[in-house]
Amino acid sequence: MDTNLVSREDYITDLPESIIETILTKLPLRDAVRTSVLSSKWRYTWTTLTELRFDDDCCISDAHHRALPETGLVKFVNQFLLLHNGPITRFTLSSEYLERCPYVDQWLLFLSRKDVQELSFGLAETEWFKAPSCLFSCKKLIALELVRCELDPPLHFKGFPNLKRLNLQQISIAPDAVETLISSCTLLESLTLSYFEGAKLTVRAPNLTYLMLEGYFKDICLENTPMLVVVSIAMYMAEAYQSSSCNFDKVLGGVPSIQRLTGHSYFAKYMSIGNTLGKIQPTYRQLKIIDLYQVSFDDMTEIMVILRLILSAPNLQTIQIEGSSWSTDPLDLDFWDKECPRDATFAQLKVVKLTQISGLPHEMRFIEFLLGNSPALEVMDVTKNVYETDEDEDMFMEILAFERASDDVEFMFAEDQV
Amino acid sequence: MAEFNETDQTPTVDPKTPNLGDSTTSSQPKPEQITTIDVAVPIPDVGPQLQVVVEEFILKSGSDDEEVRTAATNELRDFIEHEEIGITTLLVVVKYAHEVKNVDLLDAFCERVADLIKDKKVVEVREIFGIVNDFTPGEEQALRYEHPWAFED
Chain A
221 MDTNLVSRED
231 YITDLPESII
241 ETILTKLPLR
251 DAVRTSVLSS
261 KWRYTWTTLT
271 ELRFDDDCCI
281 SDAHHRALPE
291 TGLVKFVNQF
301 LLLHNGPITR
311 FTLSSEYLER
321 CPYVDQWLLF
331 LSRKDVQELS
341 FGLAETEWFK
351 APSCLFSCKK
361 LIALELVRCE
371 LDPPLHFKGF
381 PNLKRLNLQQ
391 ISIAPDAVET
401 LISSCTLLES
411 LTLSYFEGAK
421 LTVRAPNLTY
431 LMLEGYFKDI
441 CLENTPMLVV
451 VSIAMYMAEA
461 YQSSSCNFDK
471 VLGGVPSIQR
481 LTGHSYFAKY
491 MSIGNTLGKI
501 QPTYRQLKII
511 DLYQVSFDDM
521 TEIMVILRLI
531 LSAPNLQTIQ
541 IEGSSWSTDP
551 LDLDFWDKEC
561 PRDATFAQLK
571 VVKLTQISGL
581 PHEMRFIEFL
591 LGNSPALEVM
601 DVTKNVYETD
611 EDEDMFMEIL
621 AFERASDDVE
631 FMFAEDQV
Chain B
129 MAEFNETDQT
139 PTVDPKTPNL
149 GDSTTSSQPK
159 PEQITTIDVA
169 VPIPDVGPQL
179 QVVVEEFILK
189 SGSDDEEVRT
199 AATNELRDFI
209 EHEEIGITTL
219 LVVVKYAHEV
229 KNVDLLDAFC
239 ERVADLIKDK
249 KVVEVREIFG
259 IVNDFTPGEE
269 QALRYEHPWA
279 FED
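Residue numbers (the working numbering), protein chains in the order written: chain A, 221 to 638; chain B, 129 to 281.
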């Protein structure tokens with residue numbers, strides 16, 4: 221640090237206001253407020269900050285004081301907002317300690333009048349915060365993130381007209397209310413629902429490009445989502461899914477531009493209901509990466525989901541699958557000889573990464589199928605589950621012996637002690 | 129926009145720290161970098177090394193490829209973190225970035241300036257930036273009292 225000039229000239233104070241604001245925005249609010257004491261010219265610069273972030277680091281450090289509204293975060297926010305001058309474009313409040321109190325509702329009311337564009341609220345776990353109706357009058361919102369919140373949109377609510385990004389985590393909301401919320405925000409590009417407890421969800425969002433759903437869903441239908449590019453779904457409900465239609469079509473029937481698909485937990489199982497291999501069209505020309513977790517290779521129907529996916533994605537480059545299989549007693553093993561399209565070619569497939577593999581018959585047939593039909597394959601990465609009693613090294617040897625369509629495959633083998 | 133023969137590394141590190149903006153000699157680009165960059169607003173004198181870094185960054189930040197832009201930003205941030213750049217030079221670049229409206233350049237350098245303010249006492253910040261305190265002791269005390277939580281140290 222250059223500090224050997226005794227009296228340095230002040231180049232900073234007279235910089236244009238917007239530069240000072242950019243610098244102050246990158247400071248924790250405490251430091252920004254401290255600049256008010258630097259000199260008389262700095263006294264009010266912090267009060268025109270348009271991006272505010274309040275969190276537990278903003279105020280006094282000891283736990284006792286933190287919890288009290290009179291000290292701690294509440295006081296800080298109150299005084300800050302009271303002195304604030306001008307618009308607020310981004311407001312973040314994130315606290316593990318702050319519980320619901322009347323002030324929070326007042327802050328939201330204040331923000332709704334300041335044309336806030338980006339809002340992020342997350343309070344303590346003890347009591348979920350019930351969003352006041354003034355939240356729904358923040359018409360300028362472009363991004364909204366809520367954690368541990370009860371949402372009850374008023375009847376006359378017609379959606380956030382400018383909302384592009386919506387992130388709801390641990391939210392309590394009526395099922396049709398969340399569907400209406402999503403469909404009424406017509407500009408919505410990014411939607412994330414996590415820790416979601418809701419039975420059925422139908423998504424209608426014509427401009428949506430990014431979708432992440434995670435929770436206890438019984439049924440998911442992407443009804444009007446033609447622009448989706450990235451889809452990530454985690455389904456935690458274990459019971460058998462009831463469905464009279466094909467779930468695969470309900471989820472992926474209308475996403476021609478999809479580039480990346482990620483599925484967790486019971487996703488593969490959900491997708492298998494009502495699925496057939498039938499006549500497969502190359503439907504997903506942009507799909508490059510498939511990432512599936514906890515896929516049960518014991519279950520032929522789940523394998524058919526994967527096959528349907530890779531057979532409909534002519535430009536697929538990467539497959540990553542985490543297995544979750546137990547049974548050494550496979551059914552339908554003759555599928556691979558009879559029904560599996562042996563003349564398929566995965567022309568762009570470069571990387572295959574498989575983890576939690578146990579060397580079960582279906583797993584081996586699947587690996588054999590990929591190796592034999594991927595002329596451009598560069599990496600075959602397999603991690604094996606190793607049980608204490610297991611001394612069998614044959615799995616990797618067997619894979620190496622499979623016929624390969626690509627001369628340049630790099631095999632990466634590893635073992636995971638289970 | 130410009131003819132740019134991309135060299136594959138940043139210039140060799142000059143052991144001297146860059147000038148503080150009061151140097152009168154402008155630098156000649158080294159022979160192996162044939163960069164004919166036509167910037168609308170010329171970069172003020174920040175020393176040869178930093179000048180090249182900034183020029184290269186501005187070029188890459190105009191690329192259509194997001195990966196190129198991201199890599200350039202990371203490279204710039206690394207450079208700023210590891211090189212000792214004087215306060216005045218930092219602010220000169222900040223002002224320049226603002227004038228040419230290069231948001232990524234502005235962001236990267238403002239972040240560095242903010243790092244110099246973070247967690248410091250007010251007297252330290254004044255000293256670093258040469259800010260003259262024109263409050264009376266009474267005024268200053270009253271201000272600190274207005275936001276006691278900000279001044280708990």
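Backbone N, C-alpha and C define an ideal beta-carbon position, used for all residues, glycine too.
Throw me the rounded Cβ distance for the residue i and residue j pair, which I believe falls under 8 angstroms.
i                : j                : result
Pro446 (chain A) : Pro426 (chain A) : 7 angstroms
Asp335 (chain A) : Pro352 (chain A) : So it is not a contact: roughly 18 angstroms between Cβ atoms.
Ile208 (chain B) : Phe237 (chain B) : 7 angstroms
Gln568 (chain A) : Leu536 (chain A) : 6 angstroms
Val599 (chain A) : Val638 (chain A) : Their Cβ separation, rounded to whole angstroms, is 24 angstroms, which puts Val599 (chain A) and Val638 (chain A) out of contact at 8 angstroms.
Give every residue of the same chain whose Cβ lies closer than 6 angstroms to the Cβ of residue i, excluding the five residues on either side of it in the sequence, and list them in chain order.
i                : result
Asp150 (chain B) : With a pLDDT of 41 at Asp150 (chain B), under the threshold of 50, the predicted position of this residue should be treated as unreliable, though the coordinate-derived value follows. If we look at Asp150 (chain B) and ignore the five residues flanking it on each side, it has no Cβ neighbours.
Tyr456 (chain A) : Tyr436 and Ser485
Ser191 (chain B) : Arg197
Tyr513 (chain A) : His484 and Glu542
Ile453 (chain A) : Leu433, Gly483 and Phe487
Arg205 (chain B) : Ala236
Gln156 (chain B) : For Gln156 (chain B), the pLDDT reaches just 48, beneath the cut-off of 50, and the residue's location in the model is therefore unreliable, leaving the point undetermined.
Lys144 (chain B) : With a pLDDT of 42 at Lys144 (chain B), under the threshold of 50, the modelled position of this residue cannot be trusted; read the value that follows with caution. Contacts found: none.
So, at 7 angstroms on beta carbons, what are the nonlocal neighbours of residue i in its own chain, with the 5 sequence-adjacent residues on each side left out?
i                : result
Ala458 (chain A) : Tyr486
Ala564 (chain A) : Leu531 and Asn593
Glu162 (chain A) : Only positions 221 to 638 of chain A appear in the structure, and residue 162 (chain A) is not among them; the question remains open.
Lys378 (chain A) : Ser404
Flag this pair as yes or no: are the beta carbons of residue i and residue j separated by less than 9 angstroms?
i                : j                : result
Leu591 (chain A) : Ala634 (chain A) : no
Val260 (chain B) : Ser256 (chain A) : no
Ile440 (chain A) : Leu433 (chain A) : yes
Pro172 (chain B) : Val220 (chain B) : yes
Arg385 (chain A) : Leu355 (chain A) : no
Val572 (chain A) : Ile539 (chain A) : yes
Arg505 (chain A) : Pro476 (chain A) : yes
Ser392 (chain A) : Trp327 (chain A) : no
Phe589 (chain A) : Cys560 (chain A) : yes
Thr270 (chain A) : Glu241 (chain A) : yes
Asp601 (chain A) : Phe555 (chain A) : no
Gly342 (chain A) : Leu383 (chain A) : no
Pro242 (chain B) : Leu247 (chain A) : The question names Pro, but residue 242 (chain B) is Ala in the sequence shown. In contact: Ala242 (chain B) and Leu247 (chain A) (Cβ atoms closer than 9 angstroms).
Tyr490 (chain A) : Val471 (chain A) : yes
Leu228 (chain A) : Ile215 (chain B) : According to the sequence shown, residue 228 (chain A) is Arg rather than Leu. Yes. Within cutoff.
Lys604 (chain A) : Met617 (chain A) : no
Starting from the beta carbon of residue i, find every residue of chain A whose beta carbon is closer than 9 angstroms, and list them in chain order.
i                : result
Lys246 (chain B) : Lys246, Leu247, Pro248 and Asp251
Taking residue i as the reference, which of the options has the closest Cα?
i                : options                                   : result
Pro534 (chain A) : A:Ile509, A:Asn305 and A:Phe555           : A:Ile509
Asp251 (chain A) : A:Arg273, A:Glu443 and A:Leu301           : A:Arg273
Asn387 (chain A) : A:Pro374, A:Gln479 and A:Ile362           : A:Ile362
Leu401 (chain A) : A:Pro373, A:Thr412, A:Asp614 and A:Phe330 : A:Pro373
Leu218 (chain B) : A:Leu375, A:Thr245, A:Leu235 and A:Leu371 : A:Leu235
Glu345 (chain A) : A:Arg333, A:Pro550 and A:Glu316           : A:Glu316
Val450 (chain A) : A:Leu428, A:Arg320 and A:Gln501           : A:Leu428
Glu583 (chain A) : A:Phe296, A:Leu421, A:Val638 and A:Ile526 : A:Ile526
Pro170 (chain B) : B:Glu194, B:Asp232, B:His210 and B:Glu227 : B:Glu227
Glu409 (chain A) : A:Ala397, A:Phe380 and A:Lys420           : A:Phe380
Ser465 (chain A) : A:Lys360, A:Asp511, A:Asn495 and A:Leu375 : A:Asn495
Arg320 (chain A) : A:Phe566, A:Ile240 and A:Val367           : A:Val367
Lys570 (chain A) : A:Ala596, A:Leu580, A:Ser578 and A:Phe555 : A:Ala596
Glu255 (chain B) : A:Ile232, A:Ala621, A:Arg263 and A:Asn467 : A:Ile232
Ser414 (chain A) : A:Thr422, A:His376, A:Thr406 and A:Glu365 : A:Glu365
Ser640 (chain A) : A:Pro322, A:Arg310, A:Ser314 and A:Asp276 : Because chain A in this structure spans residues 221 to 638, residue 640 (chain A) falls outside the shown range and cannot be described.
Leu293 (chain A) : A:His376, A:Asp277 and A:His304           : A:Asp277
Mind pulling the chain A residues with CB within less than 7 angstroms of residue i?
i                : result
Thr216 (chain B) : Tyr231
Asp262 (chain B) : Ser259 and Ser260
Arg254 (chain B) : Leu258
Which residues in chain B sit within 7 angstroms of residue i, going by Cβ to Cβ distance?
i                : result
Arg254 (chain A) : Val250, Ala278 and Phe279
Ile243 (chain A) : Cys238, Val241 and Ala242
Below 9 angstroms on C-beta distance, what does residue i contact in chain B?
i                : result
Leu383 (chain A) : Going along chain B, no residue has its Cβ under 9 angstroms from Leu383 (chain A), so there is no contact; the nearest lies around 23 angstroms.
Pro236 (chain A) : Lys223 and His226
Interface residues of chain A around residue i at Cβ under 8 angstroms?
i                : result
Asp193 (chain B) : Those do not exist, as Asp193 (chain B) stays about 16 angstroms from chain A at its closest Cβ, beyond 8 angstroms.
Ile259 (chain B) : Asp230, Ile232, Thr233, Leu258, Ser259 and Trp262
Leu271 (chain B) : Ser256, Val257 and Arg263
Glu268 (chain B) : Val257
Leu219 (chain B) : Tyr231, Ile232 and Leu235
Could you work out which residues of chain B lie near residue i, taking near to mean beta carbons separated by less than 8 angstroms?
i                : result
Ile239 (chain A) : Val222, Lys223, His226, Leu234 and Cys238
Grab me the residues of residue i's own chain with a C-beta within less than 8 angstroms of its C-beta, minus the 5 sequence neighbours each way, in chain order.
i                : result
Arg424 (chain A) : Glu399, Ile402, Ser403, Glu443, Asn444 and Thr445
Asp628 (chain A) : Leu597 and Glu598
Leu301 (chain A) : Trp327 and Phe330
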